[in-house]
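These notes are about the structure you will find just below.
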DNA sequence: CAATATACGTCAGTGTTGTTGACATATCTC
DNA sequence: GAGATATGTCAACAACACTGACGTATATTG
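Residue numbers (UniProt numbering), protein chains in the order written: chain S, 1 to 198; chain P, 1 to 198.
Laid out in structure tokens, this is it:
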């Protein structure tokens, strides 16, 4: 509880210090963003992304692959014929990093290279049958999560703020992206901040 | 371009194969989700999150800290008095992993520990003045990005799909979370998939 | 009070994924 | 043919996660 804090000199223990302090609300014509809500969105994005990549992570682990492999598979699957340079630009990693995981995927036959037609220096990347099957499975669970979050956003009571703008929508979407069993924990955590702000 | 594909036997190079194939649209009463749009959201989430953590990453790098330090600072800052166990549950990492970064932050005086009052085994975590100042700065840029994305979502033309549900809203929000200079690249990438799907 | 459980810290080893720097090879462009 | 470009590779290193094992302080319980 927040009264446990003894206001020691060097400690900045105040209820969610500074936070936003009438942060620039970028021309939001329907009133300024309530300070706490945006903080919630920042954290919801963290939790949502964690669960979003959690499913694929677990599935890939069974193949001995990691998240880096997933990203390569994903973009090669969805954009067949991608070149190395394009993939590097998408992933924003070094070619050495890419090559390590790409080599795994090629050796295991999930991705194949084809020499470019117009430019024979290029190695166009494609998924093999097995790579496509695997990636389709990964995509399926991620698409399902997103589609459900869009279709059934979680109604927000904690903040209570009924803002016609996108705050409530974004919050509902992100909360719905979180694993259902974990939503209560997230909600009660954020309620703790809201409480200490009173 | 997709006609570059020569339909080799072992290659699954079709235009965005399987993808969704009338994926379960979980009781979406306003029509099923167009297959491509949800795929876009999956990728937008990747790009949005990348830029979302990019700013703090760069700022922390100057202090010799990384993303793990940021996460600890963030939650200790926003939830002063957090215990180790609570933090572990939030971050979902092992105590060894936490301890490594936490030790850095404590040694450098950004975080302080206080023995719990009711339970003297607990180490309650608080930000020091410097830790609070640093974290407030990190929070500021993240909150600004989110607040702007909510206030000025990016209108979607690429998909053209005008769906009253949350798809357009989510897409606009996530696209607005992406660094402005990079949006064109993302849009043209996803247009490439849409093109190959015709 | 003694036994057990809990909260936390730490040592040691390992794996994934990122980095930098240097260098090689094939191919395209001028 | 010279130089730029696309890709591959070797080596070293760092951040951040993991497992397993063990130690200490404090709380709880029979």
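Here a beta-carbon is modelled for each residue, glycine too, at the ideal position from N, C-alpha and C.
These figures come from a predicted structure and were not determined experimentally.
Under the three-state DSSP convention, the category residue i falls into
i, result
"residue 113/P", "strand"
"residue 123/S", "strand"
"residue 196/S", "helix"
"residue 118/P", "coil"
Cα-Cα separation, residue i to residue j
i, j, result
"residue 79/S", "residue 112/P", "49 Å"
"residue 191/S", "residue 185/S", "10 Å"
"residue 169/S", "residue 120/P", "42 Å"
"residue 68/P", "residue 136/S", "31 Å"
"residue 73/S", "residue 152/P", "33 Å"
"residue 131/S", "residue 188/P", "25 Å"
"residue 75/P", "residue 86/P", "10 Å"
"residue 150/P", "residue 116/S", "42 Å"
"residue 82/P", "residue 103/S", "43 Å"
"residue 54/S", "residue 180/P", "28 Å"
"residue 126/S", "residue 142/P", "36 Å"
"residue 60/P", "residue 138/P", "8 Å"
"residue 99/P", "residue 198/S", "32 Å"
"residue 146/S", "residue 41/P", "7 Å"
"residue 156/S", "residue 39/S", "15 Å"
"residue 107/S", "residue 106/P", "45 Å"
"residue 140/P", "residue 140/S", "35 Å"
"residue 118/P", "residue 77/P", "22 Å"
Other residues of its chain near residue i: CB distance less than 7 Å, five sequence neighbours each side excluded
i, result
"residue 44/S", "171, 174, 175"
"residue 178/P", "47, 48, 51, 186"
Proximity test, Cβ basis, 9 Å: residue i and chain P
i, result
"residue 43/S", "yes"
"residue 80/S", "yes"
"residue 180/S", "no"
"residue 72/S", "no"
"residue 154/S", "no"
"residue 55/S", "no"
"residue 196/S", "yes"
Beta-carbon proximity list for residue i, same chain, < 6 Å, skipping 5 on both sides
i, result
"residue 123/P", "84, 113"
"residue 101/S", "68, 69, 72"
"residue 96/S", "none"
9 Å Cβ cutoff, residue i in contact with chain S
i, result
"residue 97/P", "no"
"residue 60/P", "no"
"residue 63/P", "no"
"residue 68/P", "no"
"residue 120/P", "no"
"residue 101/P", "no"
"residue 170/P", "yes"
"residue 142/P", "yes"
"residue 185/P", "yes"
Beta-carbon proximity list for residue i, same chain, < 8 Å, skipping 5 on both sides
i, result
"residue 183/S", "154, 175"
"residue 128/S", "109, 110, 111, 112"
"residue 57/S", "66, 67, 70"
"residue 134/S", "63, 73, 110"
Contact test: residue i Cβ vs the ligand ATP heavy atom, cutoff 8 Å
i, result
"residue 136/S", "As far as ligands go, the structure on display features none, and thus does not contain the ligand ATP."
task = Could you tell me whether the stretch 45 to 57 of chain P touches the stretch 88 to 95 of chain P, where touching means 3 or more Cβ pairs closer than 8 Å?
result = no
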